[in-house]
Each structure stands twice: as structure tokens, then as C-alpha cells.
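Below is one structure; the comments refer to it alone.
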Amino acid sequence: MWQFFHKLGSPKWFFGISTRFAPWFLTGGMLLLVTGAVWGLAFAPTDYLQGDSYRIIFIHVPTAMLAQSVYIMMASAGVVTLVWRMKLADVFVKAVAPVGLVITFLALFTGAVWGKPTWGTWWIWDARLTSMLILLFLYGGVIALDRAINDEKSAARAVAVLTLVGVVNIPIIKYSVEWWNTLHQPATFKLTEKPSMPAEMWVPLLLSVLGLYLIFGWLACVRMQTEILCREQRSRWVKEFVTTGRV
Amino acid sequence: MAFDSFSAFMAMEGHGPYVWSCYAMFFVLMMVMMVWSVRSRKAAIESCRRGYEFQAGKLHGDSIESSSEKSKVAYSAPSAAFERVDVSQD
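Heads up: the sequence lines are chains A and B, in that order. Residues 1 to 247, numbered by full-length UniProt numbering, are exactly what the first sequence covers, in order. Residues 1 to 90, numbered by full-length UniProt numbering, are exactly what the second sequence covers, in order.
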């Protein structure tokens, strides 16, 4: 167990294993996402209440779920940075923060465009929407804070603290539709219950959710490798990799 | 298929502009992010390579200047590190 933990913290080990797995993440993710989107757009039945605008769900729900998951992952990595000083955890936070920002923006954008035909407005200051907007700002804050501090170690600690403080926002997003009376509909997927929609709707949705998560995995691998290469430029294995292409 | 024709598929009973703009935005941003990530990884490898080449060149140059006797050997057997390879940025 401890040996595994130690290995996990080694940038060289991660570089090797992520090089092997990344192509599979990309292929699998693309296949699932494209299948889910095409199925959802062309083959899933029309919603009796919302008509065809509901087809936005096949990208809105995946992005919204991933936006929150990425933040939880970043906060967990923040704990690892603070407690065990593991370099790789900090590499992860820095590599995925911009991805989180883009994904959160997509969730907000698709939500706003879906809101127009469904609620009659692009935006309202309701609990779910506002807490998602705060999540967007948190991602922006993490990126800005990291860029503002030159020293690598202090930047890592400051960023870790910020991600941990921001994590209170996650349960607020999650339960906002239950705690407050909002325009936003309740969760589509719950772990404890069967989905309230027919299988022709939730199966493609599930596929696109899984696909987007896999693509995120690929993005995280590629971006973490970039960060590792920059940091470990002086180590022998990076030199070997750059000259021979092998890890 | 939930639609009778391609035009019905594009129009989506008047909801087409909303649905398609969402998917377009999603596609464009994801593509930009993926291409950007791959490119910055390539750029990082390239900058490492240039750093090593520079270092190798400098070390080699130093040895020629400092020891004139060994310089002949250095000249007769140029190291592989001296060879510059043109690699395009794309």
C-alpha cells in the first residue's frame, strides 16, 4: 500500500503509465461521446413537455457533472499536497484547472441556451445558477493565484488552500435544487433511484457522461505530462525520453 | 430516428438554433482545448530538446578551448550532440 502510494507520487512512473493509458482514454471517450450525442440528437424520442430543446441535456448534464467532479478531484489533490507534499498532486491541480474552467463555462452556456426556450429567460439569479457561476470564478481564482505566485512551493500551498475553501460550494450546488425553490429541475441521475426518464433517453445520456469523463482523463494525462516535462527538465529520465522517446 | 426528414432534424420544431448552438459551442471549445493541450506538450518536449542541445554545445566548446592537445581529438570525432536537426514547430 505505502509502496504503491510512493510510486504514485513519482512523476517518472506516472509519465510512463499515462503514456500507455492515454490513447485508450481518448479512443474510448470519443466513441462513447459521439455515440451518446448522435443517439441523443437523432434517435432519442422527443420530450412531451420541453419538445426538442431537451436534447441539450446530452451535453449539459455531462459538463455540469464533470465541472463539479473536477473541482472535488482538485480539492482532494489539495489535501494530498498539504498533508503529504506530493508533487504530483500539485501538478494535477495546475494541469486540470483550465479544463475545469472551460467545462464549467460550457455547463453554464448550454444551461442558459436551454433556459431560453424552456423558462423564457437566459439567466436568473437562482441558487443553482448562481452557485455554478461561483464555481466558474473559483476555477478562475485558482488559475490566477497560481500564476501570481512565482515560488513553486508557496504557489502549491496557496492553491491547495483555495481549492479546499472553495469545496463548500459543491454541496451548495448539489442540494440547491432541493433546499431552495428554483427554476432548475432536480437531478437527472441519482445513485439510489432509477432514472425517471425512459431508457431511450437515459442510456445515451449515460454514454455521453462516461465519454466526457474519459476525455477528461486523457486531457489530464496530456496536460500533466506537459507540466512534468517543464518541472523535471533537469532529471536524467526526461533527457532520455526527449532524445530516445522512451520512458 | 425521431425525425421525418433532414430539414426537420435541423429545425427541431423551432428549437434548432438553441440545440445546434449548444452543440457547436461544445464541439469548438473541446477541440480548441484538446489541440492546445497536445501542442503545449509538443512545445515542452521541444524546449527540453533545445535546452539539452545548447548545454551539449556549450560543454563541447569549453573542452576545445581549455585543452588544446585534446582539441584535435575533439575535432576528429565530432559528437552526435552537435548535429542540429531542423524540427518544424507544427
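Just so it is clear, CB atoms sit at the ideal spot from N, CA and C, and this is done for glycine as well.
Environment of L41 (chain A) [buried if 16+ CB atoms lie within 10 Å]: To locate residue 41 (chain A), count along the first sequence from 1; it is residue 41. Looking at its Cβ environment, which holds 16 or more other Cβ atoms inside 10 Å, L41 (chain A) is buried.
CB contact check: K239 (chain A) to chain B, cutoff 7 Å: Numbered from 1 along the first sequence, position 239 holds the residue referred to as residue 239 (chain A). Yes, K239 (chain A) lies at the interface with chain B (some Cβ there is under 7 Å from its Cβ).
Contacts that S40 (chain B) makes with chain A (C-beta to C-beta distance below 9 Å): Residue 40 (chain B) sits at position 40 when you count from the first residue of the second sequence. The answer, in chain order, is V222, R223 and T226.
Presumed contact (8 Å Cβ cut-off) between Y213 (chain A) and L66 (chain A), rounded CB distance: Numbered from 1 along the first sequence, position 213 holds the residue referred to as residue 213 (chain A). Numbered from 1 along the first sequence, position 66 holds the residue referred to as residue 66 (chain A). Right, the Cβ-Cβ distance comes to about 6 Å (below 8 Å), so this counts as a contact.
Contacting positions in the segment 31-52 of chain A - beta carbon closer than 8 Å to chain B: Cβ contacts with chain B come from A37, L41, A42, F43, A44, P45, T46, G51 and D52.
Local conformation of G78 (chain A) per DSSP, three classes: Residue 78 (chain A) sits at position 78 when you count from the first residue of the first sequence. Three-state result, G78 (chain A): helix.
Proximity below 7 Å, CB of A44 (chain A) to CB of P204 (chain A): For this step, residue 44 (chain A) is matched to residue 44 along the first sequence. For this step, residue 204 (chain A) is matched to residue 204 along the first sequence. Cβ atoms of A44 (chain A) and P204 (chain A): closer than 7 Å.
CB-CB length for S208 (chain A) against L32 (chain A), believed under 8 Å: Counted from its first residue, the first sequence places residue 208 (chain A) at position 208. Counted from its first residue, the first sequence places residue 32 (chain A) at position 32. S208 (chain A) to L32 (chain A), Cβ: 7 Å. Contact.
Other residues of its chain near I72 (chain A): CB distance less than 8 Å, five sequence neighbours each side excluded: As a first step, residue 72 (chain A) must be located in the first sequence, where it is residue number 72. Exclusion of the five residues before and after I72 (chain A) leaves V167 and I170 as the residues of its chain whose Cβ lies within less than 8 Å of its Cβ.
Own chain, CB closer than 6 Å to V19 (chain B), minus 5 neighbours either side, in chain order: Your numbering for residue 19 (chain B) matches position 19 in the second sequence. Cβ within range, chain order: M12.
Outcome for L162 (chain A) when other beta-carbon atoms lying within 10 angstroms are tallied against a minimum of 16: Here residue 162 (chain A) is taken as the residue at index 162 of the first sequence, counted from 1. Around the beta-carbon of L162 (chain A), 16 or more other beta-carbon atoms lie within 10 Å, marking it buried.
Reference M224 (chain A); option with closest CA among A:F92, A:K12, A:T46 and A:V142: The residue labelled residue 224 (chain A) in the question sits at position 224 within the first sequence. With respect to the C-alpha of M224 (chain A), the residue from A:F92, A:K12, A:T46 and A:V142 having the closest C-alpha is A:F92.
Candidates A:V159, A:Q68, A:M201 and A:G217, of which the one nearest W24 (chain A) by Cα: The residue given as residue 24 (chain A) occupies position 24 in the first sequence. Of the listed residues, the one whose Cα sits closest to W24 (chain A) is A:G217.
Residue range of the unbroken alpha helix (DSSP H) whose run includes D146 (chain A): Residue 146 (chain A) sits at position 146 when you count from the first residue of the first sequence. DSSP places D146 (chain A) in the uninterrupted alpha helix (DSSP H) bounded by A127 to A148.
Among A:V222, A:T244, A:R246 and A:W237, nearest to A22 (chain A) - alpha-carbon criterion: In the first sequence, the residue the question calls residue 22 (chain A) occupies position 22. A22 (chain A) has its Cα closest to that of A:V222, out of A:V222, A:T244, A:R246 and A:W237.
Three-state secondary structure assigned by DSSP to G51 (chain A): Position 51 of the first sequence, counting from 1, holds the residue named residue 51 (chain A). Note: G51 (chain A) maps to strand in three-state DSSP.
Straight-line gap, T130 (chain A) to I56 (chain A) (C-alpha atoms, nearest Å): Your numbering for residue 130 (chain A) matches position 130 in the first sequence. Your numbering for residue 56 (chain A) matches position 56 in the first sequence. One C-alpha to the other measures close to 20 Å.
Interface residues of chain B facing W202 (chain A) [CB-CB closer than 8 Å]: The residue labelled residue 202 (chain A) in the question sits at position 202 within the first sequence. Under the 8 Å cutoff, chain B gives no residues; its nearest Cβ is about 15 Å from W202 (chain A).
Nearest-angstrom Cα separation, counted from G14 (chain B) out to Q50 (chain A): By 1-based counting over the first sequence, the position of residue 50 (chain A) is 50. By 1-based counting over the second sequence, the position of residue 14 (chain B) is 14. Those two C-alpha atoms are separated by around 12 Å.
Proximal chain E residues relative to F3 (chain B), where beta-carbon distance stays under 8 Å: Protein chains A and B are contained in the structure displayed, whereas chain E is not.
Contact under 7 Å by Cβ, K94 (chain A) with E227 (chain A): Start at 1 with the first residue of the first sequence, and residue 94 (chain A) comes out as number 94. Start at 1 with the first residue of the first sequence, and residue 227 (chain A) comes out as number 227. Yes; because the gap between Cβ atoms is below 7 Å, this pair is in contact.
Contacts around S66 (chain B), its chain only, beta-carbon distance under 6 Å, and the 5 residues preceding and following it disregarded: Taking the second sequence and counting its residues from 1, the one referred to as residue 66 (chain B) is at position 66. Bear in mind that the predicted position of S66 (chain B) carries a pLDDT of just 48, short of 50, making it unreliable; the figure below should be weighed with that in mind. Counting only Cβ-Cβ distances below 6 Å, and skipping sequence neighbours, we find nothing.
Residue-level contact to chain A via CB, S7 (chain B), 7 Å cutoff: Walking along the second sequence from the start, residue 7 (chain B) turns up at place 7. Taking Cβ atoms only, chain A never reaches closer than 7 Å to S7 (chain B), which makes this a no.
Beta-carbon neighbours of V19 (chain B), restricted to chain A and to distances below 7 Å: As a working mapping, residue 19 (chain B) is identified with position 19 in the second sequence. Within 7 Å Cβ-Cβ: D52, S53, R55 and I56.
Partner residues on chain A for G51 (chain B), Cβ-Cβ distance less than 7 Å: Residue numbering aside, residue 51 (chain B) sits at position 51 when the second sequence is read from its first letter. The answer, in chain order, is Q233.
Chain-ordered neighbours of F26 (chain B) on chain A, where CB pairs are closer than 8 Å: Here the question's residue 26 (chain B) lines up with position 26 in the second sequence. Within 8 Å Cβ-Cβ: I59, T63, L106 and T110.
Best match in A:W39, A:G28 and A:A127 for proximity to A2 (chain B) [C-alpha to C-alpha]: Residue 2 (chain B) sits at position 2 when you count from the first residue of the second sequence. A2 (chain B) has its Cα closest to that of A:W39, out of A:W39, A:G28 and A:A127.
Pairwise C-alpha distance: C48 (chain B) and S235 (chain A): Residue numbering aside, residue 235 (chain A) sits at position 235 when the first sequence is read from its first letter. Residue numbering aside, residue 48 (chain B) sits at position 48 when the second sequence is read from its first letter. Cα-Cα distance, rounded: 11 Å.
Within-7 Å CB hit, residue 250 (chain A) to chain B: Given a span of 1 to 247 for chain A in the structure shown, any question on residue 250 (chain A) remains unanswerable.
Helix, strand or coil at M10 (chain B) according to DSSP, with G and I counted as helix: Taking the second sequence and counting its residues from 1, the one referred to as residue 10 (chain B) is at position 10. Of the three classes helix, strand and coil, the one that applies to M10 (chain B) here is helix, per DSSP.
Chain B contact for L229 (chain A) (CB, 7 Å cutoff): Reading the first sequence from its first residue, position 229 is the one you call residue 229 (chain A). Yes, L229 (chain A) lies at the interface with chain B (some Cβ there is under 7 Å from its Cβ).
Integer Cβ distance of M34 (chain B) from V102 (chain A), believed to fall under 8 Å: Position 34 of the second sequence, counted from the start, is the residue given in the question as residue 34 (chain B). Position 102 of the first sequence, counted from the start, is the residue given in the question as residue 102 (chain A). Rounded to the nearest angstrom, the Cβ distance from M34 (chain B) to V102 (chain A) is 11 Å, too far for a contact under 8 Å.
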